[in-house]
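Chains as they are written, first to last, in the numbering used here: chain A, 2 to 397; chain B, 229 to 575; chain C, 229 to 575; chain D, 55 to 329; chain E, -6 to 286.
Heads up: the structure comes next, in C-alpha cells.
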Amino acid sequence: VELTMYYPVAVGGPLTNIVDGLVDDFEEQNPDIKVNAIYAGNYNDARIKALAALKSGEPAQTSVMFSIDTYELIEQGAIVAFDDIVETKEEKEWLKSFYPALMENGQTQGKTWGIPFQRSTIVMYYNKDAFRAAGLDPETPPATWDELVAAGKKLTKDGQWGAMIPSTGYPYWMFGALSMQNDQVLMNSDGNETYFDAPATIEALEFWKDLGSKHGIMPEGTIEWGTLRQNFLEGKTAMMWHSTGNLSVVKKNAKFDFGVAMLPAQKRRGTPTGGGNFYIFEKTTAEERKATMKLIRFLTEPKRTAEWSMKTGYLATMPAAYETEEMKKYVADFPPAAVARDQLEFATAELSTYQNGRVRKLLDDAIQAALTGSKSPAEALEDAQKQADRLLKRYR
Amino acid sequence: MSAIELQSISKIWGATTAVDNVSFSIDQGTFAVLLGPSGCGKSTSLRMISGLEEISQGKLIIDGKDMTTASPAERHLSMVFQNYALFPHLNVEENILFGLKVRKTPRHLQNERLSKVAQQVGLEQLLDRKPAQLSGGQRQRVALARAIIAENPICLMDEPLSNLDAKLRHIMRVEIRALQQRLGMTVIYVTHDQAEAMSMADKVILMCNGKVEQEGTPEELYNKPATTFAAAFIGTPPMNLIDPIACNLGKTMPQNGQDEFLIGIRPEDITLSDTKGLKAELVSADYLGADTVVTARINDQEILVRTPGKVTIAEPVSTRLQWHEEAVHIFDKSTGKRNDKVKVQSF
Amino acid sequence: MSAIELQSISKIWGATTAVDNVSFSIDQGTFAVLLGPSGCGKSTSLRMISGLEEISQGKLIIDGKDMTTASPAERHLSMVFQNYALFPHLNVEENILFGLKVRKTPRHLQNERLSKVAQQVGLEQLLDRKPAQLSGGQRQRVALARAIIAENPICLMDEPLSNLDAKLRHIMRVEIRALQQRLGMTVIYVTHDQAEAMSMADKVILMCNGKVEQEGTPEELYNKPATTFAAAFIGTPPMNLIDPIACNLGKTMPQNGQDEFLIGIRPEDITLSDTKGLKAELVSADYLGADTVVTARINDQEILVRTPGKVTIAEPVSTRLQWHEEAVHIFDKSTGKRNDKVKVQSF
Amino acid sequence: MISIIKRQKISFSIESSAAYFLAFLWVLPLIYALWAAFHPAEYATRFELFAPLTLSNFATAWEQAPFARYFLNTFLLVTSILLVQFVLCTLAAYSFARFEFPGKSIAFGLVLIQLMIMPEVLIVENYTTMSNLGLVDSILAIGLPYMASAFGIFLLRQTFKTIPHELEDAAKIEGCSLWQILWKVYVPLARPTYVAFGLVSISYHWNNFLWPLVITNSVTTRPLTVGLAIFGAPESGVDWSIITAGTLLAVAPLLVAFLLFQRQFVQSFMHAGIK
Amino acid sequence: MKHVSTQHQLYGWLLLLPATLFLLAFTYYPTLATLAKSFFSQGTAIRPAEFVGLENYTFMLEDDVFWRVAWNNVIYALFTIPISIALALMMAVWVNSRLKFKSLARMSFFLPTMLPMIAVANIWLFFYTPEIGLIDQVTSIFGAESQNWLGDPDTVLGCIIVITIWKEAGFFMIFYLAALQTLSPELEEAARLEGASRWYYFRRVMFPLLMPTTLFVLINAIINSFKLVDHLFILTKGGPDNASSLLLYYIYEVAFSFLDQAYASTLTVILLAILAIIAIGQFVFLDKKVHYQ
Ligand SMILES: Nc1ncnc2c1ncn2[C@@H]1O[C@H](COP(=O)(O)OP(=O)(O)OP(=O)(O)O)[C@@H](O)[C@H]1O
Ligand SMILES: Nc1ncnc2c1ncn2[C@@H]1O[C@H](COP(=O)(O)OP(=O)(O)OP(=O)(O)O)[C@@H](O)[C@H]1O
Ligand SMILES: [Mg+2]
Ligand SMILES: [Mg+2]
C-alpha cells in the first residue's frame, strides 16, 4: 500500500528531517507500506494543498493539519471520524490514551476526528537574570495578572520591557489564554456560537491593551510573533508568552538563565492548546485506512512521542509518554519541559468554529484594532461578534 | 533577345498608382539606369522585377520566360540594396556566402567562389570582420560581392551609393561599372542622381510620376532631352529654360507663336561677352575650383552660366550673354515636349 | 581685431593628440571653413571653441577676451549640429525660441525676433510642425534659425549639410552663405567636402592629423597648394601628382635632383593633342554631361584629364598630353612642401 | 568664470554622494544578509567589528533542506520555461511584426491583456486545470502558465519591427524560406532582446514563490524559493542567521552570473530597445 | 496572386497558434471560469454551490475589509508608482552620467530585482523589528524612541511601500537607462550652448523625450502595485487589523484561508476588471505612443 501524508512545519529546527526519520523507521517495520511524507508549508498551506489535492482526485490518505480545521474539514466532507475506523478494543483504548485537553479540538458531534500529533500550548518564558537584577525572586514567576503587572513594572527599564505577548500570527490563540484565565471560553463545542462580546472576554482584551497603554510594561501596538523570540533572547523583554514549540531553540540560544512558567491566572489558570492533528481523508479505501491507522499509531507510540517531544519541544500528547525512561530523565535534567504538561490540566480547546478562517480573522482583527487603538476593546469585540453571528447563523 | 522585358506593368496601391503602365526592355549585358526624382516609382518598378513586390498588372519576361508571378528565388536575380542590407550578425565571409549556404551549394564550390569574388572586390583581408567594423565603401563592396557570387546574370541595384560621401561614390561608381563590364552582367540600377546615371549607364530610363519620360543613352538624354522635365533634370547646373518673351529674345525667333515655346540652353553653352549678345546683369557667383557658375538676371528671370576659372561678383555688373545656334533646344510650352521644327537664330 | 583667435591649442585624450598645437585667427564677418579628412580634428577644434570640450593646452581669445575656461553659455556663440540636434518633442517655434526662453528674454522680444528669423529662413508656414514632420532641408533651416535668433556674432557649424542629398546640399549652401553675408556673422564651418569649402569660404583652414596644413582663401588653396596633401585634397578630380622620372618628363626639367620633386598638374589644365606633348594612352572615360574625365596612362602612372564634351573610349588609344608652364606645381618629394624656385618648361 | 565651473563641480559631487548613498541603501539588505550568514546567531542582530566568523549557518541551512536538489529543480524549471517562451514568443512576435491577417489587432490586444492578468491571480483555476491534466506536482506544471509570455511577445515584436525590411528582402532574394528568414535573420538580430528578456524571465522564475508552492508537493519538484520558505515562515520564529544563509545559497548562482555578465546584460537591455 | 495573400494570412495565424493555445488554457479559460464562479455560492460537500446572481457582489459592497483593502491598495499604488518611477529615473540619470563607480552603482540599484521577495522580506523584517531591528538600532544612537514599525497601523503600510519601491526602482531604472542611451548627446550640447542648466535640460528636454518609456514603466508599475504581495506573507499577513492588506493578498486569504472560492472569484473579477482597463489603456497608448523621429 502506498500512503501519502501531508504535514506542515510551524516551528524552528530541522523538522522535516525528523519526520523523514520517523517515516523511514515505519517503513522498515512495515515493508508492505510505502509512505510519501510531504512537507506542505505552514498550516494554512497544508490545508490548501490537502483540500485542493482531494478535489482534484490526487491521492492522499492522511494529513497533519491545524487542530482547529476540524469543522471546516467536516463541512468539506473531507475527513472521516476515527470512531468509524477503530475496530479493536485495543484501538479504542488508544483513542482514550491522549490528554483530554488535546482531544477537545478534534471532537465534535460526539465523534473524534483528529488525533493530536504536533501539539503545543502557550507558556511564559522569563529571564531569571533580569528578575534578579530587578530584585525579584527568579524562582517564583508571577502567577496572577496583578503579579504580572507588578513584576512587569519592576522589570521595565530603558531598553527592556516587562513582558510581551505576541499579537500577530496567532493573536486569537494568545487571547484564548487571556479569556480563559478570565474564565470565559470563546466558543461552544458545536462550533456554531462565539462569545466575543461576553463581558469577561472584553475585560480580558482590556487587560491586554492595558499592559501597554496603562501599565506601560509592554510596547503599544502589535507585537510580532516571528521576532519576539529574538527580542527575548536579546534581553529586550523580561517575559514573553510563546508556544512551547520554541523551547528547544530558546534553550540553545539563551545566554542568560531563563525559566519557563505556567501562564498567570486571573479567575483561574488557562491556556488553549494548539498545533496539528492527524486526520484521515474520506476518499480512502478500507485497506488504506488500515495502513494509515498503523502509521498514526506507530507515530503516537509513547516512546516515539517522547522522542518527538524531546527533539522538537512539542508536547508529548499522552501521559504514558511522560512515563518513559528517557522522558523522565529529560524532564529531570530540564524541568521547563514539564511545565507545558503540567499546564495541560488547565488547558482548553483553541478557537475553532465553522467558517473558521473568517471567524478567526474577525477576532484577530478585533484584537489588533484594540491593541493599536483604532477601536476600543468593547467596540472591537462587539463588531466581531455581530459579524460572527451572521456567519454562523446557518450552522445552528 | 532582351534579358528583361516589362510589358505594360503597373503597381496600384488602393488609390495610388505608383507605377503606371511602364514598358521597357533591357538587353543582355547592358547597364541600365532607372533615373527619376524621389517618389516617381523607381524602387517600386525594381521591386516588381525582383519579385519582392507583386505586379498588379502587366507582364514581366526574364530571359524569355514569363516571370510575372514567380517567387524572388525563382527569378535568379541578385540585388544590392540602398543600405546594403548586410546581416549585421554575420561576418563578411558569412554575408557573402549567405545565399550559397541557403541553396546548399557544396562546401568546396563555396570556398572557390568566395576567394574569387573576394579578390574581385578587394575584400580578401576583411573576411572575418563584422559589417559594423567596415567603412562605407567596404560595406558596399560586401553587398556587391554577395550579389555577384551567385553568378546570376542579372543584378538589380537600388540607390546603392546614396549613403556614401562624394569621393567614395565616385570611386565605387567606377568599380561597379568595371565589374559589370568584366562579368558581362545585366544591371538595372536605380538612382535619382543624374550625374551617376550619366557616368555609368549604357541606357537611361528616365521616370516621372510612375511613367517613363524618356529612354536612351546618356548622350541622347543630355543632348536631346525629349521634354522640359528631362532637360531640367539632367545636367548640373541644369539647363536654363527661358521664356523668350520675358527675356527679349523675340528678335531671334520666328514671329508667330513666340509665347508657345520655351527655349532651353545649357549653362556651359553660354559665354559672357562685353560687346555682343543678350543684355543681362550678373548677380552672384558660385566658385567650384576649376570653374564658376554665375547667375545672370534678365528681368527677374535667372540664367545660370558656367564659366572657367574664378569669377567674383561683389555687386551686380552688366554683361551680355552669347550662345551658338546649335546649343538651343526648343520645347512646346503647353506639353513640355521637344520641338525640333522651330529654328532660332544666334546672336 | 580678430573675432576668434586660437593660440597653440591642443586637445589630448590619454595617448592620442586629437588637435596638436593649432593656431589660427578669424576676422569678424568672415566665413571660415575648417576642412580636412575624417578624423583630422575638425570637430574637436570646433568643440573646444564652443566650450563643449575642455581645452587641454593653449589659449582661446574671443572678441579680445580670454575664453579658454569659460562655459559654453558665456561665450555667446551659436552652433548648428550635424544632425541638427532639434528637440523632437518641441515644434519649430519652440525649437527656435529655446535659447531665448532659457535666457528669459521678454515675450514680446521673442515674438519679434521669431517672426523676423522665420521669415529670413522661410519657415513662416511651418512654425507649429514637429521636426519629424519636416523634410531634411526644412530641418536644416530650423537649426539655422535657432542659431541665428540669439543674434550672437559668431556661429559654429559642424558638417551641417552632410545628411542632405546632393541637390538640397547645393541649395542650402547658397542659403547659408547668403544669410551669413546679410547678417554679417562670423561663421566657422566644418566640412570634409572640399567642393563645399571652395564654394562657401572666405577663408579655408585645411587640417590634417590634428595640425593646420594650409590656411588661405579658396583660390590660394586651389592655385597654390602648399603641400601635396592640399594639392590632392582640393579639386575634383584631384590634381595629378606625377613622378617626373617615371613619366619621362626629364627633358622639361632642370637636370639635377629630378628625383626629389613631384609635379602637380590639374586635370583641367591638361589638353589632349595629336601632335605635340607627352605621349600617353587613354584607357577610360567618365562622362559627366558637360565634360568627360579621361584617364590617361603613362607607364602605369594614371593621369586624369578633364576635357569638354563627350569622349568615349572603347579600347586604349594613343594620344599626347599638353599643358602650360604656369599650370605646373612643384613639390619636394620628401617633405611634400611646395617649391616655387624650381621651374619647368612647357612642351 | 572659475566660480561657475567650481559650482558645477560642487553640485556634481553632491549629486555623486547622493547617488552612492542611495546605492548603499539599496545593497544594505544584502550586506546584512552577508553579515548575519557569516556570523554566529548571537551576532545576527548585533554588530561588533570583531565578531567571530563562521560557516556553520550555511552548513545548517544546507542540511535542513536538500538544496542541491532544489537547485536542480529550479534550474530545470527556469531553463524549460525559458526555452519554450523563446519558441512561442518568437513565433507569435514574428506573426505580429510582419504578417497581416484579419483579427490581428484584436489578437494583439488579447495578448497584451495577459500582461495584466498574471497567472498569480488565477492560481485556483490553474490548479484545477493542472490536476485535470494530471500534472500536479511536476516541474512542467510550474512552468506551463508562464510559457506564453505576453511580455516576451511584446518585446520581440518591437524588436522585430525595427529590423529593416531590406534584410528580409535580401534573404528572400537569396532564396530563404519563411523559416529560414526567421531563423537566420530575425532570431540572431534580436539576440540582445533575447538576452534581456531571458534575464527578466530567469530572475522572475528563480524568485517566484506562490504558484510553485501551491502546485508542488515533493522534494523532486520543489524549487528553491519554496524550499527556502521552510526557514522563512515566521510561525517558527525567525532565525536570521539560517534564513540569510539559506537566502544567500539560493540567490548565489543568479548573483554570480549577474556579476560576471552584468555588462552584457545591461548592454543587451540597451540594445533591445526596451524603452 | 490572391492565394499568396491568403497563404500569408494563414501563416500569420499558424505562427500565433501555439502561444494562443497556452493563453487560452491558462489565461482566458480560467478568467472566464472565475467570472462564472463569482455568480455561485460557496460550495461545500454539505451545501453544493448554487447560482446566486449578484449576491457575492452585494456582499462585497458591504464588506468593510474589502473597502479597507481597496483603499490600502489605492494608497499603495499612489505612493509606490510615482516614487519608484522618480527614483528609477534619477538612478538612470546618475548611472548614465560621469559617475566614477557607475557600474557599481548600477549593480546596487539592480540588485533587488535579483533577490526573491520571500527571502528578502525576512531581512526587512529585521530592519523593522522594534528595539533589536536595524532602524531602531540606528535611530537609538540619535536618542530616538523605539518605534513599532510593523505593529502600528499608521506606519505599517508605509513600511510595505518602502520595500516595494526598493524592489521596483532598480528594475525600472534599466528601462530608463536603455532609453537614455538612445538620446543624442547633441541635444544636451545644444541646450548647454544656450545656457540651459542641467535641471532646465532635464525638465524641458530629457523628461519629455522619455515620455514613452515613462508610459511603459508606469503601466508596469501599476500592474505591480496589484501584483506584489509576496512580502505580506512574511511581514505582516495584512495586519494589524488589515492596515497593510492588499487586494491580491485578501483574495488569497479568502480563497485559501476562508476557503470561500466564490467570494474570492468575485474579488478576482474586480481585480481583473481593473487590470483589463489598464491593459486596454496600454494597448491604446503603447502602440500609438508618440514616436518622435
Ligand atoms: N507600400 C506602399 N503603399 C502605398 N504607397 C506606396 C507604398 N510604397 C511606395 N508607395 C508610393 O509609391 C510611389 C513610388 O514609390 P517608390 O518607392 O517606388 O519611389 P522611388 O522612385 O523609389 O523614390 P525614392 O527615390 O524616394 O526612393 C510613392 O509615391 C510612394 O509614396
Ligand atoms: N572622446 C574621445 N576620446 C578619445 N579620442 C577621441 C575622442 N573624440 C575624438 N577622438 C579622436 O580624435 C580625433 C579627431 O576627431 P574629430 O572628431 O575631431 O575628427 P573630425 O575631423 O571631426 O572627423 P570627422 O570628419 O569624421 O567628423 C580622432 O582620431 C578621434 O578618434
Ligand atoms: Mg526608392
Ligand atoms: Mg567631425
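A virtual CB, placed ideally from N, CA and C, is assigned to each residue, including glycine.
Quantities reported herein were computed from a predicted structural model and do not represent experimental measurements.
Check your understanding: Does ligand 2 have a heavy atom nearer than 8 Å to the CB of M307 (chain B)?
Key -> Within the second sequence, the letter at position 79 stands for residue 307 (chain B). Not one heavy atom of ligand 2 falls within 8 Å of the beta-carbon of M307 (chain B).
**Study point:** Under 6 Å, CB to nearest heavy atom of ligand 2: contacting residues
**Key:** Every residue passing the under-6 Å Cβ criterion appears here: C:W241, C:T244, C:A246, C:G264, C:S266, C:G267, C:C268, C:G269, C:K270, C:S271, C:T272 and C:H420.
Check your understanding: With a CB to CB cut of under 6 Å and the five nearest residues on each side skipped, what residues in its chain are close to Y396 (chain A)?
Key -> Residue mapping note: residue 396 (chain A) aligns to position 395 of the first sequence, counting from 1. The residues are N193 and Y355.
Exercise for review: Decide yes or no for the touch test of the stretch 172 to 191 of chain D against the stretch 132 to 147 of chain D: beta carbon pairs closer than 8 Å, at least 3 of them.
Suggested key: Put simply, the stretch 172 to 191 of chain D does not touch the stretch 132 to 147 of chain D. Fewer than three CB pairs are less than 8 Å apart.
Practice item. Can you give me the Cβ contacts of A243 (chain B) inside the same chain, cut-off strictly under 8 Å, excluding the 5 residues immediately before and after it? Key: By one-based count along the second sequence, residue 243 (chain B) stands at place 15. Cβ neighbours of A243 (chain B) beyond the five flanking positions: none.
Practice item. Would you kindly check if the distance between the Cβ of P320 (chain A) and the Cβ of Y127 (chain A) is under 9 Å? Key: Here residue 127 (chain A) refers to the residue found at position 126 when the first sequence is read from its first residue. Here residue 320 (chain A) refers to the residue found at position 319 when the first sequence is read from its first residue. Judged by beta-carbon spacing, P320 (chain A) lies beyond the 9 Å limit of Y127 (chain A), meaning their Cβ atoms are not closer than that value.
Check your understanding: Under the rule that 16 or more other beta-carbon atoms within 10 Å means buried, what is R133 (chain A), buried or exposed?
Key -> Numbered from 1 along the first sequence, position 132 holds the residue referred to as residue 133 (chain A). The residue in question, R133 (chain A), is exposed, as its Cβ has fewer than 16 Cβ neighbours within 10 Å.
Practice item. Mind listing the chain D neighbours of D258 (chain A)? Cutoff is C-beta to C-beta under 9 Å, in chain order. Key: Residue numbering aside, residue 258 (chain A) sits at position 257 when the first sequence is read from its first letter. Result: empty, since nearest Cβ-Cβ is about 16 Å, beyond 9 Å.
Exercise for review: Tell me, please, whether the CB atom of W233 (chain D) is closer than 9 Å to any CB atom in chain A?
Suggested key: Reading the fourth sequence from its first residue, position 179 is the one you call residue 233 (chain D). So, not an interface residue.
**Study point:** C-beta contact flag for A260 (chain C) and G279 (chain C) at 9 Å
**Key:** One-based indexing of the third sequence puts residue 260 (chain C) at position 32. One-based indexing of the third sequence puts residue 279 (chain C) at position 51. No.
Check your understanding: Taking Cβ-Cβ distances shorter than 7 Å, what residues in chain E pair up with V330 (chain C)?
Key -> Your numbering for residue 330 (chain C) matches position 102 in the third sequence. Those are E187, G188, A189 and Y193, listed as they occur along chain E.
Check your understanding: Is there at least one non-hydrogen atom of ligand 3 closer than 8 Å to the beta-carbon of D223 (chain D)?
Key -> Stepping through the fourth sequence from its first residue, residue 223 (chain D) is reached at position 169. Checking every heavy atom of ligand 3 against the Cβ of D223 (chain D), none is found closer than 8 Å.
Check your understanding: Using a Cβ-Cβ cut-off of 6 Å (strictly less than) and excluding sequence neighbours within five positions of V511 (chain B), which residues of its own chain qualify?
Key -> Looking up residue 511 (chain B) in the second sequence gives position 283. The answer, listed in chain order, is T523, R525 and P544.
Review point. Curious, which full-length beta strand (DSSP E) runs of at least 3 residues does the stretch 400 to 441 of chain B contain?
Key: The qualifying runs are 414 to 419 and 431 to 436.
Check your understanding: Taking 8 Å as the line, does the beta carbon of V178 (chain D) fall inside it for any heavy atom of ligand 1?
Key -> For the purposes of this step, residue 178 (chain D) is taken as residue 124 along the fourth sequence, with counting starting at 1. It does not: the Cβ of V178 (chain D) is nowhere closer than 8 Å to a heavy atom of ligand 1.
Check your understanding: Taking the alpha carbon of V280 (chain D) as the point to measure from, which residue in D:W294, D:N262 and D:I296 has its own alpha carbon closest?
Key -> Counted from its first residue, the fourth sequence places residue 280 (chain D) at position 226. It is D:N262 whose Cα lies nearest to the Cα of V280 (chain D).
Check your understanding: Of all the residues that make up the stretch 434 to 463 of chain B, which are near chain C by a beta-carbon distance shorter than 8 Å?
Key -> Cβ contacts with chain C: P446, E447, Y450, I462 and G463.
Practice item. Please report the residue range of the alpha helix (DSSP H) in which I111 (chain E) lies. Key: Residue mapping note: residue 111 (chain E) aligns to position 118 of the fifth sequence, counting from 1. For I111 (chain E), the uninterrupted alpha helix (DSSP H) run begins and ends at M110 to Y121, by DSSP.
Review point. When the Cα of F309 (chain B) is compared with those of D:E222, D:G300 and D:W265, which residue comes out closest?
Key: Within the second sequence, residue 309 (chain B) is the residue found at index 81, counting from 1. It is D:E222 whose Cα lies nearest to the Cα of F309 (chain B).
Review point. Between the C-alpha atoms of Q286 (chain E) and M385 (chain B), what's the straight-line distance to the nearest angstrom?
Key: Here residue 286 (chain E) refers to the residue found at position 293 of the fifth sequence. Here residue 385 (chain B) refers to the residue found at position 157 of the second sequence. Per-residue confidence for Q286 (chain E) stands at a pLDDT of 36, beneath the threshold of 50, marking its modelled position as unreliable; no derived number is given.
Check your understanding: Where does G492 (chain B) sit, in a helix, a strand or coil, going by DSSP?
Key -> Walking along the second sequence from the start, residue 492 (chain B) turns up at place 264. Three-state result, G492 (chain B): strand.
Exercise for review: Find the nearest neighbour of S64 (chain A) within the set A:L300, A:K129, A:E326 and A:L264, judged by alpha-carbon distance.
Suggested key: Looking up residue 64 (chain A) in the first sequence gives position 63. Ranking A:L300, A:K129, A:E326 and A:L264 by Cα distance to S64 (chain A) puts A:L300 first.
Practice item. Determine the DSSP secondary structure at F208 (chain A), reduced to helix, strand or coil. Key: In the first sequence, counting from the first residue as 1, residue 208 (chain A) sits at position 207. Looking at F208 (chain A) - three-state DSSP - the assignment turns out to be helix.
Point to revise | Near-chain E residues of the stretch 193 to 224 of chain A (beta-carbon distance less than 9 Å), N- to C-terminal order | key: Under the 9 Å Cβ criterion, the stretch 193 to 224 of chain A contributes P220, E221, G222, T223 and I224.
Practice item. Decide if A12 (chain E) is buried, meaning its Cβ has at least 16 other Cβ atoms within 10 Å, or exposed. Key: Mapped onto the fifth sequence, residue 12 (chain E) falls at position 19. If you draw a 10 Å sphere on the C-beta of A12 (chain E), you find 16 or more other C-beta atoms in it, and that means buried.
Exercise for review: Express the C-alpha separation of L211 (chain E) and P205 (chain E) in angstroms, rounding to a whole number.
Suggested key: Start at 1 with the first residue of the fifth sequence, and residue 205 (chain E) comes out as number 212. Start at 1 with the first residue of the fifth sequence, and residue 211 (chain E) comes out as number 218. C-alpha of P205 (chain E) to C-alpha of L211 (chain E): approximately 10 Å in a straight line.
Review point. So, using beta-carbon positions, are S236 (chain C) and K287 (chain C) closer together than 9 Å?
Key: Looking up residue 236 (chain C) in the third sequence gives position 8. Looking up residue 287 (chain C) in the third sequence gives position 59. The answer is yes: Cβ separation under 9 Å.
Check your understanding: Under three-state DSSP, which class holds P273 (chain A)?
Key -> Taking the first residue of the first sequence as position 1, residue 273 (chain A) is located at position 272. DSSP places P273 (chain A) in strand when its eight states are reduced to three.
Check your understanding: From the beta carbon of Q231 (chain A), is the nearest beta carbon of chain D less than 9 Å away?
Key -> Position 230 of the first sequence, counted from the first residue, corresponds to residue 231 (chain A). So, interface residue.
Check your understanding: How would you label F257 (chain A), buried or exposed, when you count the other beta carbons within 10 angstroms and need 16 or more for buried?
Key -> Stepping through the first sequence from its first residue, residue 257 (chain A) is reached at position 256. Counting of Cβ neighbours within 10 angstroms places F257 (chain A) among the exposed residues, the total staying below 16.
Review point. By Cβ distance, which residues of its chain are closer than 7 Å to A26 (chain E), with the 5 residues on each side in sequence left out?
Key: In the fifth sequence, the residue the question calls residue 26 (chain E) occupies position 33. Around A26 (chain E): no qualifying Cβ.
Point to revise | Residue environment, V131 (chain E), which counts as buried when at least 16 other CB atoms sit within 10 Å | key: Along the fifth sequence, one-based indexing puts residue 131 (chain E) at 138. Exposed.
Exercise for review: Give the DSSP-derived three-state secondary structure of R335 (chain B) in the structure shown.
Suggested key: Residue mapping note: residue 335 (chain B) aligns to position 107 of the second sequence, counting from 1. Reduced to three states, the DSSP call for R335 (chain B) is helix.
Point to revise | Complete runs of the beta strand (DSSP E) confined to the stretch 143 to 192 of chain E [at least 3 residues] | key: Runs of the beta strand (DSSP E) inside the stretch 143 to 192 of chain E: none found.
Point to revise | Distance cut-off 8 Å: V418 (chain B) Cβ against heavy atoms of ligand 1 | key: As a working mapping, residue 418 (chain B) is identified with position 190 in the second sequence. Because some heavy atom of ligand 1 lies under 8 Å away, the Cβ of V418 (chain B) counts as near it: yes.
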